[in-house]
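Numbering (this note's numbering), first residue to last: 48 to 757.
Beta carbons: idealized from backbone N, C-alpha and C, even for Gly.
Every value quoted in this text rests on a predicted model; they were computed, and no experiment measured them.
Structure, as structure tokens:
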Ligand code: C2E
Ligand code: MG
Ligand code: MG
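What follows is the structure, given as structure tokens:
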């Protein structure tokens, strides 16, 4: 990804292409070093000038000044030397001559050197006059010497006074003039030198200040060109950290920062993609692609307005299918169910039965939720019909034809009531689904009565533990009669609860909830103890009668159950053959693999086993073959009105034949009329249980019944 190029900033340097931080630093350092070199070279040059000037001053001007000073002194000295020569005794004359000669020689030397390097042209006239005076002095000196040699002292003194001294005086005057001029010149030179030195100092100061200013400016620019883009980077990184992935790092004109910016942009894209994926995973069911529970209840985008009905659809016996046919089959079934549910919804929306905006979500396992806007409950009934039609064809998976049967729980906004939240609708639909699973039609609307019942059940449950402890439970027995001769073969133990406030509570009102919470194991244990106690009393009076106790799936989950029961049976001294155990077919199918193992363990103890409510749990023949059971109890829904339903007769006949084929005793439940009994007998059924034989009995009524029927 290429960062977008911003418009050129209105800086003093047009930015042609991104420059690197290294280039900027090199440029800045280079400029600084250059400035420093310039200042140094300038300083050195100026110092060289000053040195030159000083040297010139020391070797030229000062020496000349000294020579002129010496000239004055020697001129003065020459006069006194001559006086000494004139008055010197003859013997000392040679020495005095030498002194005077030396002085004259020095004078001549100085005058010669001065005429050679005299700088100032104005001094030339003075020098010419000096030379002339020297000449006069030389002549006067020779005259004086002549008189001395002639030993004419007075003449010598006279010449000395008249010629030599005036000449010397004139020389002295001229040399004084020269000296003064030289002094002025030296002073002027010194002033010049000081001026120059001042200028040098000023120049050096100026160059240093300039270099410093430039250094500060370059450092500031470099820092700004590095720090600015870095700050921009920091801002972008913080914005990305806050979740704004659309924010982009634009080109800063600094190559290294642009590279980091590029990486940051790429990272933001990758993070955005990954976040989208995470959100998708968090909100979407991976198997069906439908929204999940989170998406239904807390959608990212607002849900369609006006949703007033929530329908929960639950795929029956999914656990059994997963365990017997494999999880792939279960998954295929769920996917197919989702597809069919969706197409039926689309069809309903198209036909105007529901509003076009709806949500279909998968909540868990085989449970889907459809949130729709329906004008009334009739529309939901139509939708239900569409779903049922869509689910009717069996699904072919892994070589099996599996049928998709659903239970529906519906909840809606009551007429004239404020719309409840989806969470409330969902909770209500769950309550409705629960009662739908127990109802015959597999379809139920939520009602407040259900809720009240549910709450009632909950409060009942809290009393249940006490009920067991305080013996509020009762064991009622419903006889089972042989269909061939009408003799009693045994009885089924059915629990009743003599609630101190509610009166007699039927198991339908607390067994399902006790199963959910696990309290049912208390009931089972109590019933088993009670059944064994009754069997003990029957050992003499009714030695062939058995008692069947209902087990719950919760009991099957207890790994120690078989062992505990075997000890209990042994302790009672009752023949295990007399204690029958009933397990519902649907209960078995909840956990088929585990159930098989447990049934074998129970069978090993010696108790015969029955499959209760057979025909409602969709077990396969292959599965039944694996079970160590000895009785099949056909559910009473097949028995109800069987005498007038040939199709049911065929079905029940098949069940009976299958049972016999597996060597099982077949019992029909819920036989209420003689016609039903006769039909069942004709179909080959072995045993009947139902109100026709007897209602469940307890206490005196049971004793009386036993007395008259055995
Ligand atoms: P179930 O095991 O299938 O028991 C048969 C049920 O059918 C009993 O209902 C019985 O009263 C009823 N019944 C018998 N003959 C007829 C008839 O001719 N017509 C009609 N309409 N009904 C008939 P009950 O006693 O209400 O029990 C309901 C269910 O509660 C039982 O069904 C069983 O699944 C469960 N249950 C009862 N007692 C216990 C128990 O001690 N432990 C466990 N785990 N479940 C129990
Ligand atoms: Mg039963
Ligand atoms: Mg039953």
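Item, Value
"Inspect the CB distances between the stretch 118 to 135 and the stretch 267 to 277 and report whether three or more fall short of 8 Å.", "no"
"Where does residue 182 land, buried or exposed, given buried means 16+ other C-beta within 10 angstroms?", "exposed"
"Is any non-hydrogen atom of ligand 1 found closer than 7 Å to the C-beta of residue 512, if you look at the structure I gave you?", "no"
"DSSP three-state label for residue 659, please.", "strand"
"Report yes or no: do three or more beta-carbon pairs, one from the stretch 426 to 446 and one from the stretch 374 to 381, lie closer than 8 Å?", "yes"
"Identify whether residue 768 lies in helix, strand or coil by the three-state DSSP scheme.", "With the chain covering only 48 through 757, there is no way to say anything about residue 768."
"Classify residue 301 as buried or exposed, calling it buried when 16 or more other Cβ atoms lie within 10 Å of its own Cβ.", "buried"
"If contact is defined by three or more beta carbon pairs under 8 Å, each pair taking one atom from either stretch, is the stretch 314 to 326 in contact with the stretch 279 to 296?", "yes"
"For residue 757, is the classification buried or exposed, using 16 other Cβ atoms within 10 angstroms of its Cβ as the cut-off for buried?", "exposed"
"Output needed for residue 190: all residues of its chain with C-beta closer than 6 Å, excluding positions within five of it in sequence on either side, in chain order.", "206"
"Given the structure, does residue 599 come close to ligand 1, in the sense that its CB is under 7 Å from one of the ligand's heavy atoms?", "yes"
"Going by DSSP, what residues sit across from residue 689 in a beta bridge?", "Answer by DSSP bridge pairing: none, since residue 689 is not bridged."
"Ends of the alpha helix (DSSP H) at residue 309?", "302 to 330"
"When you measure from the CB of residue 678 to every non-hydrogen atom of ligand 2, does any distance come out below 7 Å?", "no"
"Between 452, 469, 449, 575, which lies nearest to residue 458 when the distance is taken from Cα to Cα?", "469"
"Taking any heavy atom of ligand 3 as the mark, which residues have a C-beta closer than 5 Å to it, listed down the chain?", "659, 660, 716"
"Which whole runs of the beta strand (DSSP E) in the stretch 419 to 500 are 3 residues long or more, in chain order?", "442 to 444, 447 to 449, 453 to 459, 490 to 492"
"For residue 356, does the three-state DSSP call read helix, strand or coil?", "strand"
"Between which two residues does the alpha helix (DSSP H) harbouring residue 109 extend?", "109 to 134"
"What do you get for residue 314, buried or exposed, if any count of 16 or more other CB atoms within 10 angstroms of its CB means buried?", "exposed"
"Under 7 Å: does the beta carbon of residue 539 sit that close to some heavy atom of ligand 4?", "Among the ligands present in this structure, namely ligand 1, ligand 2 and ligand 3, ligand 4 is not found."
"Quick one: which unbroken alpha helix (DSSP H) runs of 4-plus residues sit fully inside the stretch 536 to 599? Chain order, please.", "554 to 564, 567 to 588"
"So what's residue 742 in DSSP terms, helix, strand or just coil?", "coil"
"Buried or exposed for residue 704, going by 16 or more other Cβ atoms inside 10 Å?", "exposed"
"Could you please give me the residues that DSSP links to residue 199 through a beta bridge?", "Paired residues: none, contrary to the question."
"At the level of alpha carbons, what is the spacing between residue 436 and residue 700?", "28 Å"
"What's the call for residue 476, buried or exposed, on a 16-neighbour Cβ count within 10 Å?", "buried"
"Taking buried to mean at least 16 other C-beta atoms within 10 Å of its own C-beta, is residue 574 buried or exposed?", "buried"
"In terms of alpha-carbon separation, which member of 180, 639, 662 lies closest to residue 370?", "639"
"With DSSP collapsed to three states, give me the class of residue 529.", "strand"
"Does the beta carbon of residue 757 sit closer than 8 Å to a beta carbon anywhere in chain E?", "Of the chains in the structure shown, none is chain E; there is only one protein chain."
"From residue 306 to residue 298, what distance separates their C-alpha atoms?", "9 Å"
"Please go through the same chain and pick out, in chain order, the residues whose beta-carbon is closer than 6 Å to the beta-carbon of residue 354, but skip the five residues on each side of it.", "418, 420"
"Spatial neighbours of residue 752 within its chain, please: CB distance less than 8 Å, with the 5 preceding and 5 following residues excluded, ordered by chain position.", "526, 741, 744"
"Excluding sequence positions up to five away, which residues of its chain have a Cβ less than 7 Å from the Cβ of residue 726?", "689, 690, 696"
"Going by DSSP in three states, residue 737 sits in which element: helix, strand or coil?", "coil"
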